[in-house]
Amino acid sequence: MRSGYRARLRRDPLAFIEELSRDSTAGVMRLPWGGMRLPWGGWCVRDSESAQTLLRDPDCHAGGSVFFGELLPDRAAQVELGRAVRGLLRAGVPHYRAALPETVAALPVSGRWPDTGTRLVYRCLADLLPRPGTPGGSRELMRQAVHGGVAVRPPHVWQRARAELVRARLVTAVAEEAHRRRRQPAGEPRDMLDTVLTVCPETQMSDRAVADLHLMMFRAIMAPVSASLTWSVLLACLHHTGAAPWPWPTDHVVREAMRHRPVPWMLGRTLQRAVELGGTVFPPGELLSVCPYLLHHDERLWDSPDAFLPERWAGDSGHGPYIPFGMGPFSCAGAAVAHTLLTESLAALTNHACLAVTGADTRAAMSEGNVPRPFVLHRSPHHPSAHDTGRG
Ligand code: HEM
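The sequence shown stops at residue 422 when you use our numbering, and every number in between is there.
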C-alpha cells in the first residue's frame with residue numbers, strides 16, 4: 031500500500047477506491063484500514079461477477095446480518111423487524127406525501143444541504159418517530175437528535191461529542207416509553223416504537239435494548255435517505271443549469287444519483303466457511319466486501335459509467351449491476367419504500383420551482399457511507415411558460 035493513503039482516502043474516497051482497483055490485476059484486492067471514520071480492511075471483490083456471486087451465496091449468509099449486529103437474538107427476528115418497519119413506512123407514505131408541500135414551502139429560499147434535506151425527511155416522518163401525544167419528551171428529543179447530529183453522523187469531533195449527549199438522553203426517554211407501552215400494549219403498531227416492540231419479547235430484550243434498536247433503525251432510515259436525496263438534488267442541478275424545469279422524471283434522477291454516488295461504501299461479509307473466489311481460497315473469519323461504487327462504474331457492464339445520465343433509465347439496455355440497496359439475502363428491507371420517499375421528496379422540491387446550487391463539490395465525504403459535502407441549494411418559484419405547458 032502506497033504511503034499517504036489515509037489522506038487520499040479522506041480527500042476523495044471514491045477516487046481512491048477507483049485508483050486502487052485500477053492498480054490491481056486480481057479479481058480480489060486488499061482493502062486498507064480507513065481509520066475510525068471509515069473503518070474497513072480485509073478484501074474487496076472488485077470483479078463484478080464474483081462480487082454478485084458472493085452477495086448471493088447462501089453459504090455466506092448463514093448467520094445474522096452485520097446490519098443488526100448483536101441487537102437481535104436471531105436471523106428470524108432480524109427479517110421480521112425489517113418487514114415490520116417496511117410495512118409501517120409503506121402505510122405512512124400517503125401521510126409523508128401530504129406533509130411534503132407545506133414542509134417544502136417552509137424551507138429557506140437558500141438552504142444549506144445535506145442538513146436541510148435531513149430536516150425535510152424527518153419532518154415528514156416525524157409522526158412515526160414516535161407518534162404525537164407520546165409523553166416523556168421523546169418526540170422533542172428525537173427532533174433535537176435530528177438537529178444535533180444523532181440521525182446523521184456530523185463531520186466534526188465536537189459535534190459528535192454534543193450528539194453523544196443528546197443520544198444518551200434520547201435512548202433513556204425511549205426506554206422509559208417502551209416500559210410504559212409494555213404495560214399497556216397497543217393494537218396495531220402506530221409508530222416505529224410500537225413496531226420494534228412487536229418483535230422484541232420482554233423476556234428476551236430489555237427496555238434499553240429496545241431503545242437501542244429503535245435508534246439504530248431510525249438512523250438506518252434517516253442517514254441514507256437524506257444522503258441519497260442530497261446527491262439527487264446536487265447532481266441533477268449540476269447537470270441541468272438552465273432556468274427551465276429538469277428534463278427528466280424524478281424517478282430517473284433518483285436511480286441515476288444512487289448509481290453514480292451510491293451511499294453504502296462497502297457491503298461486508300465475514301466468511302462462515304472457506305470460499306474460493308477468482309482462484310484464491312479465503313478462510314473462515316475473513317472479511318470480503320463488495321463496493322457498490324466500483325460495480326456501478328464497471329466500464330465492461332455500463333455505458334458511459336462516469337457520466338451522470340438520468341436518461342439512461344428510460345431504456346433497458348446498457349445497464350450493469352445495480353446494488354445501492356445491496357443484493358441477495360441481506361439486501362435492504364426498505365428499498366422500495368425508500369425509493370418512494372426519495373422520488374416523492376424530489377417531486378415536491380421541484381414542483382413549480384427551479385433549483386440551483388452554489389458551493390458544490392461532487393467528491394464524497396468520508397462518513398458511515400459516501401455522503402455529499404455541504405453546499406447551498408437555492409429554490410426559486412417557476413411559473414410554467416407556454417413552452418413548458420406545450421402551448422407553443
Ligand atoms: C436510500 C435509502 C436506503 C439505502 C441506500 C439503504 C441501503 C441498505 C444497504 C446497502 C443495506 C445492506 C445490504 C447488504 O449488506 O447487502 C441495507 C440493509 C437494511 N436496510 Fe436499508 N437502505 C435505505 C433505506 C432503508 C429504509 C427506509 C429501511 C426501512 C425499512 C431500511 C431497512 C433496512 C434493513 C432492515 C436492512 C437489513 C436487512 C437484513 O439484514 O435483513 N433501509 N440497507
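Just so it is clear, CB atoms sit at the ideal spot from N, CA and C, and this is done for glycine as well.
Check	Outcome
Sorry if obvious, but does the Cβ on residue 97 come closer than 7 Å to a heavy atom of the ligand HEM?	yes
Drop a sphere of 10 angstroms on the beta-carbon of residue 421, count the other beta-carbons inside from all chains shown, and report buried for 16 or more, exposed for fewer.	With a pLDDT of 35 at residue 421, under the threshold of 50, the modelled position of that residue is not reliable, and no figure is offered here.
When you compare each of 317, 46, 278 to residue 377 by their alpha carbons, which one comes out closest?	278
Run through DSSP, which three-state label would residue 357 get?	coil
Taking 7 Å as the cut-off, is the beta-carbon of residue 357 closer than that to any non-hydrogen atom of the ligand HEM?	yes
When you compare only the Cα positions, how much space is there between residue 108 and residue 226?	11 Å
Across the segment 329-341 and the segment 263-280, are there enough close Cβ pairs to call them in contact, namely three or more that are closer than 8 Å?	yes
Please list, in chain order, all residues of the same chain as residue 389 whose beta carbon is under 8 Å from its beta carbon, the five residues on each side excluded.	404, 405, 406
CA-CA distance, residue 393 and residue 42?	6 Å
As a quick exercise: from 316, 81, 72, 245, pick the residue whose alpha carbon is nearest that of residue 168.	245
Which ranges would you report for the beta strand (DSSP E) in the segment 266-347 if only whole runs of at least 3 residues count?	297-300, 305-307, 310-312, 317-320
Between the Cα of residue 204 and the Cα atoms of 187, 185, 233, 239, which residue gives the shortest distance?	239
According to DSSP, is residue 163 part of a helix, a strand, or is it coil?	coil
Is residue 407 helix, strand or coil when you go by DSSP?	strand
Could you tell me the alpha carbon to alpha carbon distance between residue 360 and residue 115, rounded to whole angstroms?	15 Å
How big is the Cα-Cα spacing for residue 159 and residue 153?	10 Å
Is residue 360 near the ligand HEM - that is, is its Cβ less than 7 Å away from at least one heavy atom of it?	yes
Going along the chain, which residues of its own chain have a beta-carbon closer than 7 Å to the beta-carbon of residue 84, five neighbours each way excluded?	75, 90, 299, 307, 318, 320
When every heavy atom of the ligand HEM is checked, does at least one fall within less than 7 Å of the C-beta of residue 364?	yes
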